[in-house]
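Trainee: I'd like to ask some things about the structure below.
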Amino acid sequence: MEKTINQIKAAVVAALGVLTGLWGWLGWLAVGWIVSMALDYLTGSMAAAKVGQWSSAKAREGIWHKCGMIVVVLVAAGADLLICLVLENLPLVALPFEYAGLVCPVVLVWYIVTELGSMAENAADMGAPVPKWLTKLLAAGKNAVDSAGEQLGGDEHE
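Per my numbering, residue 12 is the first one in the sequence shown, and the count goes up by one each step.
Written out as structure tokens, the structure reads:
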């Protein structure tokens, strides 16, 4: 039995290693975002059901909201790709560092922090006590990512 468990562990580690080799840390960031979206949708549905306010119309609105988020991430990935192509192919445009993509990871982190905050709100709506420091930490994380994004975009104010 222990041999079988060790074989399963080895297979899982090997699979995770192959996936990391294929898509790197950005892929895992995207997986984390997809999982957080699914958990937010689930916890939101649970919170609404708890108080008897679940409706298919609101559930569809949530799905449309998530679809919009997917579009924004694709736009951010496209922006990163465009920047990389311009930097590689236009000799007059150069940066003092190697650019491997920044817009998409910042957007993904922003969405993950937002989803985590929403899940904490959903948990509170379900009756779970949520530590105030956790919500403050998530808000500070979101503000930090907002600041980084504003610096990236060169805009000080929204």
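Here a beta-carbon is modelled for each residue, glycine too, at the ideal position from N, C-alpha and C.
On a predicted model such as this, the values are computed, not experimentally measured, just so you know.
Mapping the DSSP letters down to three states, classify L106 as helix, strand or coil.
Mentor: Here L106 sits in coil by DSSP.
Trainee: Rounded to whole angstroms, how far is the Cβ of L149 from the Cβ of L127, which I believe are closer than 8 Å?
Mentor: That belief holds up - the Cβ atoms of L149 and L127 are roughly 6 Å apart, short of 8 Å.
Trainee: Expressed to the nearest angstrom, what Euclidean distance is found between the alpha-carbon atoms of A111 and C95?
Mentor: Rounded to the nearest angstrom, the two C-alpha atoms are 7 Å apart.
Trainee: At the level of alpha carbons, what is the spacing between T15 and A26?
Mentor: Cα to Cα, the separation comes out at about 16 Å.
Trainee: Could you tell me which of C115, K153, S129 and N154 sits nearest to A90, measuring between CA atoms?
Mentor: Considering only alpha carbons, the answer is C115.
Trainee: Pop quiz: V118 and V84 are said to be a contact at Cβ under 8 Å. What is the actual Cβ separation, rounded to whole angstroms?
Mentor: Indeed, because the Cβ distance is near 6 Å, the residues count as touching under 8 Å.
Trainee: So, G43 versus G55, is the Cβ gap smaller than 8 Å?
Mentor: Not closer than 8 Å, so no.
Trainee: Hey, K153 and W121: beta-carbon distance below 8 Å or not?
Mentor: Yes, Cβ-Cβ distance for K153 and W121 is below 8 Å.
Trainee: I'd like to check one pair, A58 with D136: are the Cβ atoms closer than 8 Å?
Mentor: Contact: yes.
Trainee: For a test of the three-state rule: what should DSSP assign to V141, helix, strand or coil?
Mentor: Of the three classes helix, strand and coil, the one that applies to V141 here is coil, per DSSP.
Trainee: Between E169 and the rest of its own chain, which residues show a CB-CB distance below 8 Å, the 5 nearest in sequence each way excluded?
Mentor: Because the pLDDT at E169 is just 46, under 50, the model does not fix this residue reliably, and the value given afterwards should be weighed accordingly. Correct list, in chain order: E161.
Trainee: State the Cα-Cα distance for the pair L33 and W39, rounded to the nearest angstrom.
Mentor: Between L33 and W39, the C-alpha separation is close to 10 Å.
Trainee: Which class does M12 belong to by DSSP, given the choice of helix, strand or coil?
Mentor: Correct three-state label for M12: coil.
Trainee: Checking 8 Å against the spacing of the C-beta atoms, do A134 and V141 come in under that value?
Mentor: Yes.
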